[in-house]
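Take a look at the structure below.
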Amino acid sequence: MDITWKGGLIRGQRLFNLFRATFQDREISELPIPFGAIATELATGREIWLRDGKLLDVVRASIATPGLFTPVIRNGVILVDGGLVNPVPVSMCRALGADLVIAIDLSWGKLGHYRQRRAQNGVEGGEVVQREEQGWFERLRPGWLGTVRAPGDDPVIPSIFEVFNTALDIVEQRVARSRLSGEPADILITPLLPNFGTMEYHRAKEAIAEGRVAVERMMPLIQQVLL
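Count the sequence shown with the numbering used here and you get residues 1117 to 1343, in order.
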């Protein structure tokens, strides 16, 4: 990780250099399936649709989570994560000509009841269970959600990273539900990942398994709509 404090915690250059060395970076116009990504113009809050240019450059702009990844300058405009304004971009899919839209909302199970389950998943026999595989970002936190408290005890003050990322989760979930109420997908798949930290990409196998389960839950509706 190329750590910086200018505009964000991570520059992201090393990560995307690895992607460029591993994958073929193609022009979006050359892709066999229409593709677009959402970004947010930092100065105005406008929703920006990214439909041309190199694929990895577009993806880098779209995932520039404020405070985590540094913003991207594209065509003279400073861009950050598109999840701030349109986390589940059904509108773009419709505009690209999709007749049926199957959307996946990863923010669905991050807060409230689901977030409480995240703490419970880390407790066995009254002790906090530490996972063997723990990402670097996870180690920066004091275990806010995994702390066992006796009834009546005051909650533990979370770290600055947990406060920031929980705030982003709140924004993403509220914006997603608001946008989906006005621009609903034909099918909405909602994986439940309450015990996943923001940077726990090393647990991809578990997330993929939950994704498959989420699809199976919706399979009767998928079959009814598609067949």
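We treat Cβ as the ideally placed atom computed from N, Cα and C, and that holds for glycine.
Which residues bound the beta strand (DSSP E) around A1183?
Here the question's residue 1183 lines up with position 67 in the sequence shown. The question names Ala, but residue 1183 is Gly in the sequence shown. Start and end: 1183-1185.
Among residues of its own chain, excluding the 5 on either side of I1154, which ones have a beta-carbon nearer than 8 Å to its beta-carbon?
Taking the first residue of the sequence shown as 1, we reach residue 1154 at position 38. Answer for I1154: E1163, I1164, W1165, L1166, S1178, G1198, G1199, V1201, N1202, P1205, M1208, listed in chain order.
Which same chain residues end up closer than 6 Å to V1196 when comparing Cβ atoms and leaving out the 5 residues on each side of it in sequence?
Within the sequence shown, the letter at position 80 stands for residue 1196. Closer than 6 Å at the Cβ level, and outside the excluded window around V1196, lie T1156, L1158, A1180, P1182, P1187.
Does K1170 come out as helix, strand or coil in the three-state DSSP assignment?
Stepping through the sequence shown from its first residue, residue 1170 is reached at position 54. Residue state, collapsed to three classes: strand.
Determine the extent of the alpha helix (DSSP H) in which L1342 is found, giving its start and end residues.
For this step, residue 1342 is matched to residue 226 along the sequence shown. Segment 1320-1342, the alpha helix (DSSP H) holding L1342.
Nearest by alpha-carbon distance to F1139: which of I1189, L1184, L1308, L1171 is it?
Taking the sequence shown and counting its residues from 1, one reaches residue 1139 at position 23. Comparing Cα positions, the closest option is L1171.
Taking L1131 as the reference, which of R1176, P1307, S1297 has the closest Cα?
Indexing the sequence shown from 1 puts residue 1131 at position 15. Ranking R1176, P1307, S1297 by Cα distance to L1131 puts R1176 first.
Check whether chain D comes within 7 Å of D1118, counting only Cβ atoms and requiring the distance to be less than that.
Within the model displayed, chain D is absent; a lone protein chain is all it includes.
Would you identify the three-state DSSP class for W1121, choosing helix, strand or coil?
Mapped onto the sequence shown, residue 1121 falls at position 5. Looking at W1121 - three-state DSSP - the assignment turns out to be coil, as it is neither helix nor strand.
Have a look at G1161 and R1295 and give me their C-alpha separation to the nearest angstrom.
Here residue 1161 corresponds to residue number 45 of the sequence shown, with the count starting at 1. Here residue 1295 corresponds to residue number 179 of the sequence shown, with the count starting at 1. Using only the alpha carbons, I get a separation of about 15 Å.
Report the residue from G1225, E1143, L1216 whose alpha carbon sits nearest the alpha carbon of P1307.
If you number the sequence shown from 1, residue 1307 lands on position 191. Closest by alpha carbon: G1225.
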